[in-house]
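In order, the protein sequence lines correspond to chains E and V. According to my numbering, the residues represented by the first sequence are 8 to 270, in order. According to my numbering, the residues represented by the second sequence are 306 to 589, in order. Read through the structure below, which is laid out as structure tokens, and then see the notes.
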Amino acid sequence: MNNPTALSIGIQRGKLEIKQFMRQRESVVFTMAFPLILLAIFGSVFSNTIADGVTFSQYFVAGMIASGLVNTGFQQLAIMIPMERDFGTLKRLRGTPMPASSYFIGKAILVTVSMLVQVALLLAAGVAFFGVNLPTDVDKWLLLVALLILGSACSTVLGIAFSNVPKSGRGASAVVSPVVIVLQFFSGVFFIFTDLPQWMQQVAAIFPLKWMTQGARSVFLPDSFATREVAGNWETGRTFAIITAWLVVGLIWAIRSFKWERD
Amino acid sequence: MSKVISVSQLRKQYGQTQAIDGLDLEIEQGEIFAILGPNGAGKTTTVEILEGFRSRDSGDVKVLGFDPATKGGAGQQWRDRIGIVLQSTQDAGDLTVYESVSHFATYYKNPKDAHEVIELVGLSEKSDALGRTLSGGQRRRLDVALGIIGSPELIFLDEPTTGFDPEARRAFWQLIRRLRDEGATIVLTTHYLDEAEALADRVAVIVRGKIVEIAPPAELGGRATSLATISWRDGAQVRSEKSANPTQRITELSAQFGGEIPELSIKRASLEDIYLEMIGGQHE
Chain E
8 MNNPTALSIG
18 IQRGKLEIKQ
28 FMRQRESVVF
38 TMAFPLILLA
48 IFGSVFSNTI
58 ADGVTFSQYF
68 VAGMIASGLV
78 NTGFQQLAIM
88 IPMERDFGTL
98 KRLRGTPMPA
108 SSYFIGKAIL
118 VTVSMLVQVA
128 LLLAAGVAFF
138 GVNLPTDVDK
148 WLLLVALLIL
158 GSACSTVLGI
168 AFSNVPKSGR
178 GASAVVSPVV
188 IVLQFFSGVF
198 FIFTDLPQWM
208 QQVAAIFPLK
218 WMTQGARSVF
228 LPDSFATREV
238 AGNWETGRTF
248 AIITAWLVVG
258 LIWAIRSFKW
268 ERD
Chain V
306 MSKVISVSQL
316 RKQYGQTQAI
326 DGLDLEIEQG
336 EIFAILGPNG
346 AGKTTTVEIL
356 EGFRSRDSGD
366 VKVLGFDPAT
376 KGGAGQQWRD
386 RIGIVLQSTQ
396 DAGDLTVYES
406 VSHFATYYKN
416 PKDAHEVIEL
426 VGLSEKSDAL
436 GRTLSGGQRR
446 RLDVALGIIG
456 SPELIFLDEP
466 TTGFDPEARR
476 AFWQLIRRLR
486 DEGATIVLTT
496 HYLDEAEALA
506 DRVAVIVRGK
516 IVEIAPPAEL
526 GGRATSLATI
536 SWRDGAQVRS
546 EKSANPTQRI
556 TELSAQFGGE
566 IPELSIKRAS
576 LEDIYLEMIG
586 GQHE
């Protein structure tokens with residue numbers, strides 16, 4: 008006799024999700040290698056220094072780590088879940104005694120693992136090839152951990168919520184990817200945020216990615232750079248407040264809108 | 306009580322369409338029960354209400370003593386006792402047969418052994434093959450394996466043999482009979498009348514959201530007592546006539562021909578004839 012719980016099944020699902028992820032070569036390349044390719048391109052093209060002791064690569068790695076939260080959570084889930092809905096995976100699971108929460112625990116495990124791998128790869132490549140400096144201060148590392156946990160949770164629930172937007176699994180990538188790319192441009196991932204037009208900065212400030220990138224800069228850039236941010240400081244409190252607000256919005260949206268079957 | 310499923314006065318409306326219109330149904334423990342009906346007659350809606358996938362507008366439904374609309378923990382307890390084989394799916398292509406089946410086993414309190422189930426559905430040789438490399442028929446058998454891994458008391462099969470070759474269908478029928486012999490109740494929807502005839506203890510015909518008749522396949526539509534059609538060659542022409550007493554008529558013919566009757570055949574209405582008459586009559 009088994010005595011499965013929501014958590015034990017969730018952990019089993021997490022293992023299975025990772026196994027499936029690793030076997031899909033496209034997803035491994037798309038999710039893991041693409042950010043590294045971008046880092047290689049931007050790091051080579053913009054080799055200038057933007058402030059005292061801050062190279063563009065340093066600035067860019069911070070932005071790419073924040074993007075990694077969006078790629079592995081929001082983008083990955085908002086593309087994957089509509090496909091699972093089309094393939095009948097979700098309906099089949101609905102017909103078993105598996106608790107719904109186990110499915111989401113499995114997804115959270117997948118996101119966490121792929122996020123950690125992505126962050127580690129970006130940092131390793133940044134340090135090895137583009138002279139990126141890692142923080143030496145313990146507080147900065149703790150800040151990074153907090154940012155990764157909160158940011159990843161926020162990105163995950165928004166991805167689950169947004170998975171109801173694409174009309175089909177086949178079209179999901181075309182709906183989700185532009186949203187992410189536009190947000191990346193607006194949020195100061197590819198360009199220095201304060202160089203962007205005023206209106207773009209204001210639009211970006213509504214969404215969580217801008218705050219994730221700013222939070223990542225507060226970890227990887229020297230504190231002297233804070234004066235060059237929009238508010239003249241890192242706004243750490245506001246950063247966490249806004250990401251938390253999006254986490255709550257995403258959670259409510261996800262719970263209310265999740266569908267196990269295509270209409 | 307040995308009623309596994311009881312439904313009374315079930316109704317479901319989609320927009321202006323009355324998909325299910327006062328449907329009554331009782332299914333006994335240990336029987337193979339087939340549901341037939343033209344597309345759009347309400348078959349899928351009925352089965353999906355029984356499976357707990359859809360809500361109903363009114364009527365009483367009990368499946369294994371539970372209302373399928375039950376949510377939460379009680380709903381999971383109930384799902385532990387049923388197995389659902391949906392229409393064709395294409396998920397889990399990146400997992401092997403064994404990985405999928407043994408994973409689904411973790412959802413249930415009293416699962417069967419994954420290897421045994423894989424052998425039962427005839428996929429032992431494909432146990433380590435990825436889902437996406439399976440043929441249509443093998444894929445369907447994997448669906449069945451996932452549906453029965455939890456030792457269900459009640460199994461729903463939705464058009465299980467679509468796309469099978471004749472040999473695979475016969476092997477599949479054997480599997481279904483075996484599950485029944487082990488004590489499971491089986492509810493089957495199918496487009497194939499020969500499948501219903503070969504497998505089902507009883508058949509229900511649904512037309513326009515209502516049950517037209519429930520009977521064993523051999524008795525459906527008064528089939529057992531219907532007129533037999535006798536045909537034979539009389540000189541240049543083939544003659545045929547319907548008779549309530551075919552044995553007597555043939556004795557007469559035999560005497561007339563002095564022994565052998567040329568090209569004799571006797572046919573009773575097939576399940577298909579009866580079925581088409583039933584659903585045709587309803588469409589007028």
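We put the CB at the ideal spot given by N, CA and C, even for glycine.
Closer than 7 Å by beta-carbon distance: list the chain V residues that pair up with residue i, in chain order.
{"i": "E:Q31", "result": "D399"}
{"i": "E:V27", "result": "The amino acid at residue 27 of chain E is misidentified as Val; the sequence shows Gln. By Cβ distance, chain V contributes D399 and L400."}
{"i": "E:Q19", "result": "H408 and T411"}
For residue i, I'd like the list of residues in its chain whose CB is within less than 7 Å of its CB, leaving aside the five on either flank, ordered along the chain.
{"i": "V:W478", "result": "A503 and L504"}
{"i": "E:I72", "result": "V126, L129 and A223"}
{"i": "E:V139", "result": "S64, Q65, V68 and G133"}
{"i": "V:G335", "result": "R485, G488 and T490"}
{"i": "V:P416", "result": "A410, I454, G455 and S456"}
{"i": "V:V422", "result": "V406, A450, I453 and I454"}
{"i": "V:S429", "result": "I423"}
{"i": "V:A374", "result": "G357 and S360"}
{"i": "V:S313", "result": "D329, G364 and D365"}
Could you tell me which of the options sits nearest to residue i, measuring between CA atoms?
{"i": "V:I511", "options": "V:I340, V:E333 and V:Q334", "result": "V:I340"}
{"i": "V:D539", "options": "V:Q392, V:A501 and V:S570", "result": "V:S570"}
{"i": "E:T243", "options": "E:L151, E:V196 and E:I262", "result": "E:L151"}
{"i": "V:L484", "options": "V:I566, V:T349, V:D326 and V:I337", "result": "V:I337"}
{"i": "E:S64", "options": "E:L97, E:A238, E:A131 and E:K26", "result": "E:A131"}
{"i": "E:R269", "options": "V:F358, V:T411, V:A574 and V:E546", "result": "V:F358"}
{"i": "E:I259", "options": "E:V183, E:V164, E:F41 and E:A135", "result": "E:V164"}
{"i": "E:P142", "options": "E:G50, E:K26 and E:P229", "result": "E:P229"}
{"i": "V:T438", "options": "V:Q395, V:A374 and V:D470", "result": "V:Q395"}
{"i": "V:P471", "options": "V:Q323, V:L435, V:H496 and V:E500", "result": "V:E500"}
{"i": "V:S360", "options": "V:K317, V:V390, V:A473 and V:D385", "result": "V:K317"}
{"i": "E:E91", "options": "E:Q27, E:L157, E:W241 and E:G17", "result": "E:Q27"}
{"i": "E:L123", "options": "E:G158, E:G102, E:D144 and E:P89", "result": "E:G158"}
{"i": "E:V189", "options": "E:S74, E:S264, E:S170 and E:T103", "result": "E:S74"}
{"i": "V:D365", "options": "V:I325, V:A397, V:N344 and V:R475", "result": "V:I325"}
{"i": "V:R573", "options": "V:A549, V:D506, V:I584 and V:F562", "result": "V:A549"}
{"i": "V:Q323", "options": "V:K308, V:P343 and V:G347", "result": "V:G347"}
{"i": "E:I86", "options": "E:S109, E:P104 and E:K114", "result": "E:K114"}
{"i": "E:L117", "options": "E:G166, E:T251 and E:A252", "result": "E:G166"}
Can you pull the chain E neighbours of residue i, defined as C-beta to C-beta under 8 Å?
{"i": "V:P416", "result": "N9"}
{"i": "V:R384", "result": "G102, T103 and P104"}
Quick one: list the residues of chain E neighbouring residue i, beta-carbon separation under 7 Å, in chain order.
{"i": "V:I389", "result": "G102"}
{"i": "V:Y412", "result": "P11, I16, T103, P104 and M105"}
Along chain E, which residues have their Cβ under 9 Å away from the Cβ of residue i?
{"i": "V:D463", "result": "In chain order: nothing, as chain E lies at least about 11 Å away."}
{"i": "V:F358", "result": "K98, R101, G102, W267 and E268"}
For residue i, collect the residues of the same chain with a Cβ closer than 6 Å to its Cβ; drop the 5 residues on either side in sequence, then sort them by chain order.
{"i": "V:V368", "result": "I310 and L355"}
{"i": "V:F371", "result": "W383"}
{"i": "V:E589", "result": "Only weak support exists for where V:E589 lies, its pLDDT of 40 falling under 50; the value from the coordinates is given anyway. So no residue of the chain qualifies."}
{"i": "E:I249", "result": "W218"}
{"i": "V:K547", "result": "L532 and T534"}
{"i": "E:S162", "result": "L76, V77, G80 and F81"}
{"i": "V:M306", "result": "Confidence at V:M306 is low in this model, with a pLDDT of 49, below 50, so the placement of that residue should be treated as unreliable; the coordinate-derived value is given next. Answer for V:M306: no residue qualifies."}
{"i": "V:D448", "result": "V390"}
{"i": "V:I387", "result": "P457 and L459"}
Give every residue of the same chain whose Cβ lies closer than 8 Å to the Cβ of residue i, excluding the five residues on either side of it in the sequence, and list them in chain order.
{"i": "E:L203", "result": "F193, G195 and A211"}
{"i": "V:I516", "result": "L328, D329, L330, A509 and V510"}
{"i": "V:Y580", "result": "L341, L498, V510, L525 and G526"}
{"i": "V:T349", "result": "D463 and T494"}
{"i": "V:P551", "result": "A533, I535 and I571"}
{"i": "V:Q587", "result": "Confidence is the limiting factor: at V:Q587 the pLDDT is only 49, short of 50, which leaves the residue's position unreliable and the question unanswerable from this model."}
{"i": "V:Y413", "result": "D385, I454, G455 and S456"}
{"i": "E:T56", "result": "T62 and F63"}
Residues of chain V with CB under 8 Å from residue i, in chain order?
{"i": "E:L282", "result": "Nothing in the structure corresponds to residue 282 of chain E, since chain E is present only between 8 and 270."}
{"i": "E:Q65", "result": "Those do not exist, as E:Q65 stays about 38 Å from chain V at its closest Cβ, beyond 8 Å."}
{"i": "E:T96", "result": "T394, D396 and A397"}
{"i": "E:R224", "result": "What E:R224 touches in chain V: nothing, since even the nearest Cβ is about 37 Å away."}
Answer yes or no: does any C-beta atom of chain C fall closer than 9 Å to that of residue i?
{"i": "V:L439", "result": "Although the question refers to chain C, the structure presented lacks it and instead comprises the protein chains E and V."}
Subject >> Ordered list of alpha helix (DSSP H) runs contained in the stretch 455–510 of chain V, each at least 4 residues >> reply: 471–486 and 498–504
Original post:
When you check each C-beta in the stretch 82–94 of chain E against every C-beta of chain V, which residues fall closer than 8 Å?
Top reply: Listed by position, the residues of the stretch 82–94 of chain E near chain V (Cβ gap below 8 Å) are E91 and F94.
Subject >> Members of the stretch 369–381 of chain V near chain E, C-beta cut-off 7 Å >> reply: Q381
Original post:
Listed from N- to C-terminal order along the chain, which residues in the stretch 334–356 of chain V have their beta-carbon within a distance smaller than 7 Å of any beta-carbon of chain E?
Top reply: E356
**OP:** Could you please tell me which residues of the stretch 175–186 of chain E, in chain order, have their CB closer than 7 Å to any CB of chain V?
**Re:** none
Original post:
Fully enclosed by the stretch 520–560 of chain V, which beta strand (DSSP E) runs are 3 residues long or longer?
Top reply: 533–539 and 542–548
Original post:
Which ranges would you report for the alpha helix (DSSP H) in the stretch 106–162 of chain E if only whole runs of at least 4 residues count?
Top reply: 107–137
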